[in-house]
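Student: Here it is, the structure, as structure tokens.
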Amino acid sequence: MSNDRTNARLSLVVVCALLTSATAGAQTTRPDATVTATAMTFSQLASAYVNESEKHDPLFADGLGIHRYDDKLDDYSATGHAARIAWLGTWRVRIGDAIAKAPGREDNADAHALLDSIDLELFENETLAPWRTSPTDYTSAIGQAAYSLTGRTFAPLGTRMQHLAARLAAIPGIVTAAEANLTHPTRVATLQAIDANAGNVALYTSLTSLAKTTSPTTRAAIAKQLPSVLAALDGFTKFLKTTLLPRSNGNPRVGAVVFDREMLLANGTDRTRTDLVAEAQADFTKNRAEMLRLAIPFDRTFFPKSIADETKSNAVDVVVRRVLDKLAGDHPKRTEIFNVARSDVDAAQAFLAVHPVIVPPVPSTLHVVATPAFMAGFSGASLDPAGPFTPLGESFYYIDTIPKSWSDERVASYLRDYNTYELKMLSMHEAMPGHYLQFRANSTVPSLVRRAFPNGSFAEGWAVYIEGMMLDAGYGDNDPRLRLFQLKWRLREEANTLIDAGFHTGDLTEARCHDLLERQAYQEKSEAQTKWHRLQLSHDQLSSYYTGLSAIRRVEAAERVRLGPAFDVATFNARLLAMGSVEPRYIATLLEPASP
Numbered sequence: 001m002s003n004d005r006t007n008a009r010l011s012l013v014v015v016c017a018l019l020t021s022a023t024a025g026a027q028t029t030r031p032d033a034t035v036t037a038t039a040m041t042f043s044q045l046a047s048a049y050v051n052e053s054e055k056h057d058p059l060f061a062d063g064l065g066i067h068r069y070d071d072k073l074d075d076y077s078a079t080g081h082a083a084r085i086a087w088l089g090t091w092r093v094r095i096g097d098a099i100a101k102a103p104g105r106e107d108n109a110d111a112h113a114l115l116d117s118i119d120l121e122l123f124e125n126e127t128l129a130p131w132r133t134s135p136t137d138y139t140s141a142i143g144q145a146a147y148s149l150t151g152r153t154f155a156p157l158g159t160r161m162q163h164l165a166a167r168l169a170a171i172p173g174i175v176t177a178a179e180a181n182l183t184h185p186t187r188v189a190t191l192q193a194i195d196a197n198a199g200n201v202a203l204y205t206s207l208t209s210l211a212k213t214t215s216p217t218t219r220a221a222i223a224k225q226l227p228s229v230l231a232a233l234d235g236f237t238k239f240l241k242t243t244l245l246p247r248s249n250g251n252p253r254v255g256a257v258v259f260d261r262e263m264l265l266a267n268g269t270d271r272t273r274t275d276l277v278a279e280a281q282a283d284f285t286k287n288r289a290e291m292l293r294l295a296i297p298f299d300r301t302f303f304p305k306s307i308a309d310e311t312k313s314n315a316v317d318v319v320v321r322r323v324l325d326k327l328a329g330d331h332p333k334r335t336e337i338f339n340v341a342r343s344d345v346d347a348a349q350a351f352l353a354v355h356p357v358i359v360p361p362v363p364s365t366l367h368v369v370a371t372p373a374f375m376a377g378f379s380g381a382s383l384d385p386a387g388p389f390t391p392l393g394e395s396f397y398y399i400d401t402i403p404k405s406w407s408d409e410r411v412a413s414y415l416r417d418y419n420t421y422e423l424k425m426l427s428m429h430e431a432m433p434g435h436y437l438q439f440r441a442n443s444t445v446p447s448l449v450r451r452a453f454p455n456g457s458f459a460e461g462w463a464v465y466i467e468g469m470m471l472d473a474g475y476g477d478n479d480p481r482l483r484l485f486q487l488k489w490r491l492r493e494e495a496n497t498l499i500d501a502g503f504h505t506g507d508l509t510e511a512r513c514h515d516l517l518e519r520q521a522y523q524e525k526s527e528a529q530t531k532w533h534r535l536q537l538s539h540d541q542l543s544s545y546y547t548g549l550s551a552i553r554r555v556e557a558a559e560r561v562r563l564g565p566a567f568d569v570a571t572f573n574a575r576l577l578a579m580g581s582v583e584p585r586y587i588a589t590l591l592e593p594a595s596p
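Each residue of the sequence shown is one higher than the one before, starting from 1 at the first, in this note's numbering.
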């Protein structure tokens, strides 16, 4: 997933809202305008940066739950882009100076996180130039401009629509900027943008109906602006299809220099790609062997007349695959997916009420809904929560609606992939107790930086960690079928690292990618197709899952050694959540007990 400014709302796909004294304090302790730069503490400096970031990018403010700029949008023209780069350069110097003053370990971790986020955008500007090569950045901004005001009920509809009416005037300008700026994107990015813009057209078309219950003045303002917006979006579709697509010959492989640099800047790890790939490969091999052990009893039961030779070198492929295939037949119907996901979320919450290895947030503000059309087609499922400054705002566990264009074969493969067992894993990962719980907790941490700029690798690492931790705690009544599919998910997450690095720093082909995912990791063909598509739209993001998991797992192992029999998983989880979404390279340092 791109980390540039126009995807700020999407990269905050794991920030949630809970009004606490810590969050309220963050709003009231931002520096006064009279405080000089030299007199600022680091917390004041960070607050000033967040304040300016909100002003510079109203969509970023929306993602935080800050609604002072709901009637505004950023300038996406070349002039606006140059101004933003200059602004970031100024802040890079200021934050670098703060680091040089050697703050305490908490501030040091936060200062480096801010510096990395700035360096990431500056680095991508110099190397990948997403403002020229990423059409989905513009379709995302257009979609979020409306959706961030209509998708949640944080204020009366009339107020939100009044602000949206003001924003509508800026939408044709974003289209004009996109058409002027975009040069040679990848073909897959342009095709994705075409689909996303169709979602935007549907979203903006729906505004007329949505505005019917507002005041005559607001309805008139919407009606006045909407024709020019829809005309601009229609023209943008034509531009994407007839002008941009023929010249969309960019290389989706970013190369080792970019990939390795962004392992630190985006994922927050100082480990090398070689180390992470080797560790992921070792775990991949170990988990395949464990899956064979679990599958053998099922194999003998399911296929008594054709028991496989378990001593053969390919037994792990043959036995595990056919057992998983048999179990995958237990899946919901196409029309039942959302209801089953809701039931799974409720079941996880009920389990935690009895086995509080993690304490779930109360009240729940989570809704299981279809992914909005302009956001669909990337990951298949995600969490889109309210911002850390929105008290108990709605959070959405999104699942993509199965496209009508899919063949019966692909639909069948998808349903087998998201079978009864894997849907439980998906709901644990994306919702309870994965992203939703972690970012509800993240909204209560004292650090403004971790609330406003949560590290995605930490978030993904937590969500992967709890997949196994919940089963270790007894969720699913120790059903070996559920453990088999949990290990299948772990293979997927390990394979993510292998294919991410192999594609962007090597010569991984689609055929080899499918072989790794389908034969070795036992994924369905539909999942392999989705991952190949995703590889061409992102870099380092697929590696973030294992990067975060590895860091958490290493710290957990060290704590088990340090505490011995006194180690308690619930206490460890609470300490980890209280830390907030830090860069993985700082987890161990920040978890250490404070010096007396």
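Using N, Cα and C, we set each Cβ at its ideal position, and we do this for glycine too.
Compute the Euclidean distance between the alpha carbons of Glu-279 and Leu-542, then round it to the nearest angstrom.
Tutor: So the alpha carbons of these two residues sit roughly 15 Å apart.
Student: Closest by CA to Arg-322, which one among Val-345, Val-340, Asp-344, Ile-296?
Tutor: Arg-322 has its Cα closest to that of Ile-296, out of Val-345, Val-340, Asp-344, Ile-296.
Student: Which residues does DSSP pair with Ala-381 in a beta bridge?
Tutor: BP columns for Ala-381 point to Ile-399.
Student: Under DSSP, the alpha helix (DSSP H) around Val-354 begins and ends at which residues?
Tutor: Here the alpha helix (DSSP H) through Val-354 covers 337-354.
Student: At what residues does the alpha helix (DSSP H) containing Ala-86 begin and finish?
Tutor: Start and end: 78-100.
Student: Could you spell out the range, first to last residue, of the beta strand (DSSP E) harbouring Val-369?
Tutor: Looking at the DSSP string, the run of the beta strand (DSSP E) that includes Val-369 is 366-370.
Student: Return helix, strand or coil for Gln-523, following the three-state DSSP convention.
Tutor: Gln-523 falls in the coil class under three-state DSSP.
Student: Verify the CB distance criterion: does Ser-550 have a CB-CB separation below 7 Å to chain B?
Tutor: Looking at the structure shown, chain B is missing, and only one protein chain is on hand.
Student: Which term fits Leu-563, buried or exposed, when burial requires 16 or more other beta carbons within 10 angstroms of its beta carbon?
Tutor: The residue in question, Leu-563, is exposed, as its Cβ has fewer than 16 Cβ neighbours within 10 Å.
Student: Along the chain, where does the alpha helix (DSSP H) containing Leu-120 start, and where does it finish?
Tutor: Where Leu-120 is concerned, the enclosing alpha helix (DSSP H) stretches over 105-127.
Student: Does the separation of the CB atoms of Pro-385 and Ser-395 fall below 7 Å?
Tutor: The answer is yes: Cβ separation under 7 Å.
Student: Across the stretch 368-378 and the stretch 454-469, are there enough close Cβ pairs to call them in contact, namely three or more that are closer than 8 Å?
Tutor: Result no; under three Cβ-Cβ pairs closer than 8 Å.
Student: By a C-beta neighbour count over all protein chains shown, 10 Å radius and 16 as the cutoff for buried, is Trp-406 buried or exposed?
Tutor: Exposed.
Student: Please say whether Phe-259 and Glu-494 have beta carbons closer to each other than 7 Å?
Tutor: Result no, Cβ atoms of Glu-494 and Phe-259 do not sit closer than 7 Å.
Student: Below 6 Å CB to CB, which residues in the same chain sit around Ala-256 once its five sequence neighbours on both sides are set aside?
Tutor: Hits under 6 Å: Thr-505.
Student: Tell me which residue opens and which closes the alpha helix (DSSP H) that His-539 is part of.
Tutor: Taken as a continuous stretch (DSSP letters only), His-539 belongs to no alpha helix (DSSP H), as it is neither H nor E.
Student: What does the alpha-carbon distance come out to for the pair Thr-218 and Lys-212?
Tutor: Roughly 9 Å between the two C-alpha positions.
Student: For the alpha helix (DSSP H) containing His-184, name the first residue and the last one.
Tutor: First-last for His-184: undefined, no H or E at that position.
Student: Measuring only the C-alpha atoms, how far is Leu-245 from Asn-339?
Tutor: If I take the Cα positions, the gap works out to 39 Å.
Student: Assign His-355 to buried or exposed, taking buried as 16 or more other Cβ atoms, counted over all protein chains shown, within 10 Å of its Cβ.
Tutor: Looking at its Cβ environment, which holds fewer than 16 other Cβ atoms inside 10 Å, His-355 is exposed.
Student: Which of helix, strand or coil does DSSP assign to Asn-455?
Tutor: In the structure shown, Asn-455 sits in coil (DSSP, three-state: anything other than H, G, I, E or B).
Student: Do the stretch 446-454 and the stretch 583-590 make contact, defined as three or more Cβ pairs closer than 8 Å?
Tutor: Taking 8 Å as the limit for Cβ pairs, the verdict is that the stretch 583-590 does not touch the stretch 446-454.
Student: May I ask you to report which of helix, strand or coil DSSP gives Ile-307?
Tutor: Of the three classes helix, strand and coil, the one that applies to Ile-307 here is coil, per DSSP.
Student: If you reduce the DSSP assignment to three classes, tell me which class Asp-283 lands in.
Tutor: In this structure, Asp-283 counts as helix in the three-state DSSP scheme.
Student: For the alpha helix (DSSP H) containing Lys-488, list its first residue and its last residue.
Tutor: Start and end: 480-505.
Student: With distances taken Cα to Cα, identify the nearest neighbour of Asp-408 among Ile-142, Arg-68, Lys-525.
Tutor: Taking only the C-alpha atoms, the option nearest Asp-408 is Lys-525.
Student: Can you list the alpha helix (DSSP H) stretches of 4 or more residues lying completely in the stretch 143-220, in chain order?
Tutor: 157-168, 171-181, 187-205, 207-210, all fully within the stretch 143-220.
Student: Is Arg-293 buried or exposed, if buried means 16 or more other CB atoms sit within 10 Å of its CB?
Tutor: Flag for Arg-293 reads exposed.
Student: Counting C-beta neighbours from all protein chains within 10 Å, is the total for Arg-247 16 or more, i.e. buried, or is it exposed?
Tutor: With fewer than 16 other Cβ atoms within 10 Å, it is exposed.
Student: Could you give the distance in angstroms between the alpha-carbon of His-184 and the alpha-carbon of Glu-54?
Tutor: C-alpha separation (whole angstroms): 30 Å.
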